[in-house]
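To start, the structure under review is shown below, and the notes come after it.
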Amino acid sequence: MVFALLLLVVGALILGGVAQLTATQAVVGEGEWDSARRRITVENSRAMARQYWRTRMFLGSAPPSASLTNADGLGGFNLTPAITNGYWITVSETNVNARLNINPFTPMERGGFYRVWITGTLWDGSTNAGGNAGWNMQIRTRSPIAAGFCFVRQRPSVADVGELADPPYIDFQQSQRFFGYEGMPLMPVSSVTNTNAGDTNGFGGYLDVPVGASAFSVFTNVTFQPRVTNVDMQVVVDLGGWNFSTSTNPVARYDVPPTRLYTNATNGVLNLPVRTVILRGSLLGGFFDSVPVHVVVDTNNTNVQTLILSNNNTRRVYFNLMRPAGFPATPAFNVASVNSTFWRLGITVSKSAIQFQVGSLDIQGGLRTDAGTSFQAGTAFFSPETDPQGLDFIGDRMMWLEDNRAL
1 MVFALLLLVV
11 GALILGGVAQ
21 LTATQAVVGE
31 GEWDSARRRI
41 TVENSRAMAR
51 QYWRTRMFLG
61 SAPPSASLTN
71 ADGLGGFNLT
81 PAITNGYWIT
91 VSETNVNARL
101 NINPFTPMER
111 GGFYRVWITG
121 TLWDGSTNAG
131 GNAGWNMQIR
141 TRSPIAAGFC
151 FVRQRPSVAD
161 VGELADPPYI
171 DFQQSQRFFG
181 YEGMPLMPVS
191 SVTNTNAGDT
201 NGFGGYLDVP
211 VGASAFSVFT
221 NVTFQPRVTN
231 VDMQVVVDLG
241 GWNFSTSTNP
251 VARYDVPPTR
261 LYTNATNGVL
271 NLPVRTVILR
281 GSLLGGFFDS
291 VPVHVVVDTN
301 NTNVQTLILS
311 NNNTRRVYFN
321 LMRPAGFPAT
331 PAFNVASVNS
341 TFWRLGITVS
351 KSAIQFQVGS
361 LDIQGGLRTD
371 AGTSFQAGTA
381 FFSPETDPQG
391 LDFIGDRMMW
401 LEDNRAL
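Using our numbering, the first residue of the sequence shown is number 1, and each one after it goes up by one.
The following block contains the structure:
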């Protein structure tokens, strides 16, 4: 009798334990499913937020705030940028000039870039439709030339540019892409591809604006002269002797006109195309050379065919030439030099092949191109810029998006 009663008690305890275990597993399982659902919802919300900002970031300015809740309950976000007047005028919290020996395009090294903070929340599937997951995004920008990458080959490029491949350089034709910082994880290249909606500037996303600073002085120390009488003109941009002391802007800009009026006794007034840009170098040093000059040939100007570097130059200069989509690949844009052995120059040529006829020329700065590059009658040796100063304000930058959960 006692033994039977003991068996009944033990059996009851076992059955009770099994029932409790079953109930506990049901609760735990439900909690695990709820946790998994929230993680998936947060990832959905993050993907939506990233995609939204990647369609906006190349436009140069952000809306005051952005909110979205998916109608099917798959996710949503509520994010606000720290500024709304443009990504290009934001300066880094660190001194970019002092951070020259790092790669700003890797998450392993912080600083050396410009950034805009975007803060807010992602919907995590809770009853709070505004979202409970605090989130930070950063739109980051940096000119690779000012950052010390003396050659950047964007896609598409088909030419052999092995003679330029002295690290550090960036080559989007290669799987590694960034050379000179081997073994370091890099930003997701998908953040800077040409798949971003709303990008209408002709650079294709990763080769992007600005083509100029948000505020600048108009460079006026230029003269025009006929290159071939009654046929075409050339403009001489004299980088020395121009007084910046009355300007409050950190950079100067000159837009090359497509044509120029020319008058002679035989033919009267002629509207001739400007085919050649001559940059006359400056060796003044000090304050004059500390203010960079930006020379721009935009997509509406298809007349310019040649850039001539005259004399030596220590002033920081950035030259941009952009061809419209579908512009003929030949003849290549030609860069030549006269009486020059050293030039401080950043140059971006988009949608046009480029060839150098410069003799033996040391260019401190670099070249950024999305087309073929060739050398004739000499070579150009590119070396990294060691003190960019205001070059970041005028050099076209790479953009990328990073995000993380707010602590």
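We put the beta carbon where it would ideally sit given N, CA and C, even for glycine.
No experiment lies behind these values; they were computed from the predicted model shown.
In the DSSP assignment, find the unbroken alpha helix (DSSP H) run with residue i in it and report its ends.
{"i": "Leu391", "result": "Leu391 to Ile394"}
Are the beta-carbon atoms of residue i and residue j separated by less than 8 Å?
{"i": "Val295", "j": "Phe319", "result": "yes"}
{"i": "Leu408", "j": "Val218", "result": "Residue 408 falls outside the range modelled here, since the chain spans only 1 to 407, and no answer is possible."}
{"i": "Leu272", "j": "Val231", "result": "yes"}
{"i": "Ile139", "j": "Met399", "result": "yes"}
{"i": "Arg50", "j": "Leu401", "result": "yes"}
{"i": "Ile278", "j": "Ile308", "result": "yes"}
{"i": "Arg153", "j": "Arg227", "result": "no"}
Between the Cα of residue i and those of the options, spot the shortest distance and give me the residue it belongs to.
{"i": "Asn78", "options": "Ile40, Tyr52 and Val231", "result": "Tyr52"}
{"i": "Val293", "options": "Gln174, Pro388 and Leu361", "result": "Pro388"}
{"i": "Val349", "options": "Arg316, Val338, Ser340 and Gly366", "result": "Gly366"}
{"i": "Arg103", "options": "Tyr169, Ile308 and Gln174", "result": "Residue 103 is actually Asn in this sequence, not Arg. Looking at the Cα atoms, Tyr169 is the closest of the given residues."}
{"i": "Asp396", "options": "Ile363, Ser126 and Leu321", "result": "Leu321"}
{"i": "Ala423", "options": "Thr369, Gly125, Trp343 and Asp362", "result": "Examination of residue 423 is not possible in this model, given that the chain is present from 1 through 407 alone."}
{"i": "Asn300", "options": "Val256, Asn312, Thr306 and Ala336", "result": "Val256"}
{"i": "Phe216", "options": "Met398, Leu6, Asp403 and Gly390", "result": "Gly390"}
{"i": "Asn267", "options": "Asp238, Thr229 and Thr259", "result": "Thr229"}
{"i": "Leu407", "options": "Thr119, Thr306 and Leu270", "result": "Thr119"}
{"i": "Ala325", "options": "Asp370, Ser282 and Met1", "result": "Asp370"}
{"i": "Gln357", "options": "Asn221, Thr306, Val116 and Ala147", "result": "Thr306"}
{"i": "Pro250", "options": "Asp392, Arg368 and Val222", "result": "Asp392"}
{"i": "Asp298", "options": "Gly148, Asn334, Tyr254 and Met57", "result": "Tyr254"}
{"i": "Ser282", "options": "Asp238, Ile40, Asn221 and Glu385", "result": "Asp238"}
{"i": "Met137", "options": "Leu6, Ile40 and Ser45", "result": "Ser45"}
{"i": "Ala82", "options": "Val116, Arg54 and Thr386", "result": "Val116"}
{"i": "Arg454", "options": "Phe105, Ala66 and Gly148", "result": "Because residue 454 is not part of the residues shown, which for the chain are 1 to 407, the question remains open."}
Return the Cβ separation of residue i and residue j in integer angstroms, given the expectation that the two are a contact with Cβ distance under 8 Å.
{"i": "Ala36", "j": "Arg405", "result": "Between Arg405 and Ala36 the Cβ distance is about 17 Å, and since that is not below 8 Å, they are no contact."}
{"i": "Val304", "j": "Ala252", "result": "Wrong, their Cβ atoms sit about 19 Å apart, outside the cutoff."}
{"i": "Thr141", "j": "Phe113", "result": "7 Å"}
{"i": "Val236", "j": "Arg280", "result": "6 Å"}
{"i": "Asn339", "j": "Ser310", "result": "7 Å"}
{"i": "Thr341", "j": "Asp362", "result": "7 Å"}
Since residue i is in the beta strand (DSSP E), which residue starts that stretch and which ends it?
{"i": "Thr80", "result": "Gly76 to Pro81"}
{"i": "Phe113", "result": "Where Phe113 is concerned, there is no enclosing beta strand (DSSP E), given that its DSSP letter is neither H nor E."}
{"i": "Gln173", "result": "No beta strand (DSSP E) holds Gln173; DSSP gives it neither H nor E."}
{"i": "Gln225", "result": "Val222 to Val228"}
{"i": "Gly268", "result": "Gly268 to Arg280"}
{"i": "Gln234", "result": "Asp232 to Asp238"}
{"i": "Phe151", "result": "Phe151 to Arg153"}
{"i": "Asp124", "result": "From DSSP, Asp124 is part of no beta strand (DSSP E); its letter is neither H nor E."}
{"i": "Asp362", "result": "Gly359 to Thr369"}
{"i": "Tyr181", "result": "Where Tyr181 is concerned, there is no enclosing beta strand (DSSP E), given that its DSSP letter is neither H nor E."}
{"i": "Arg405", "result": "Met398 to Arg405"}
{"i": "Asp255", "result": "Ala252 to Asp255"}
{"i": "Met57", "result": "First-last for Met57: undefined, no H or E at that position."}
{"i": "Val295", "result": "Val293 to Val297"}
{"i": "Thr314", "result": "Asn313 to Met322"}
{"i": "Thr69", "result": "Ala66 to Thr69"}
{"i": "Thr306", "result": "Thr306 to Ser310"}
Could you compute how far the alpha carbon of residue i sits from the alpha carbon of residue j?
{"i": "Ile394", "j": "Ala332", "result": "24 Å"}
{"i": "Gly180", "j": "Gly346", "result": "19 Å"}
{"i": "Leu68", "j": "Gly76", "result": "5 Å"}
{"i": "Lys351", "j": "Trp343", "result": "24 Å"}
{"i": "Trp135", "j": "Trp33", "result": "23 Å"}
{"i": "Gly359", "j": "Ala380", "result": "7 Å"}
{"i": "Thr259", "j": "Arg316", "result": "26 Å"}
{"i": "Arg38", "j": "Ala47", "result": "14 Å"}
{"i": "Gly240", "j": "Ala336", "result": "20 Å"}
{"i": "Gln225", "j": "Met233", "result": "6 Å"}
{"i": "Pro64", "j": "Thr80", "result": "6 Å"}
{"i": "Ser143", "j": "Thr263", "result": "42 Å"}
{"i": "Gln364", "j": "Asn312", "result": "11 Å"}
{"i": "Gln174", "j": "Thr223", "result": "43 Å"}
{"i": "Ile40", "j": "Gly73", "result": "11 Å"}
{"i": "Met479", "j": "Thr314", "result": "Nothing can be reported for residue 479, as the shown portion of the chain is limited to 1 through 407."}
{"i": "Asp403", "j": "Arg54", "result": "12 Å"}
{"i": "Arg323", "j": "Phe151", "result": "20 Å"}
{"i": "Ile14", "j": "Met1", "result": "20 Å"}
{"i": "Pro167", "j": "Phe105", "result": "15 Å"}
{"i": "Asn334", "j": "Ala66", "result": "46 Å"}
{"i": "Thr386", "j": "Thr220", "result": "28 Å"}
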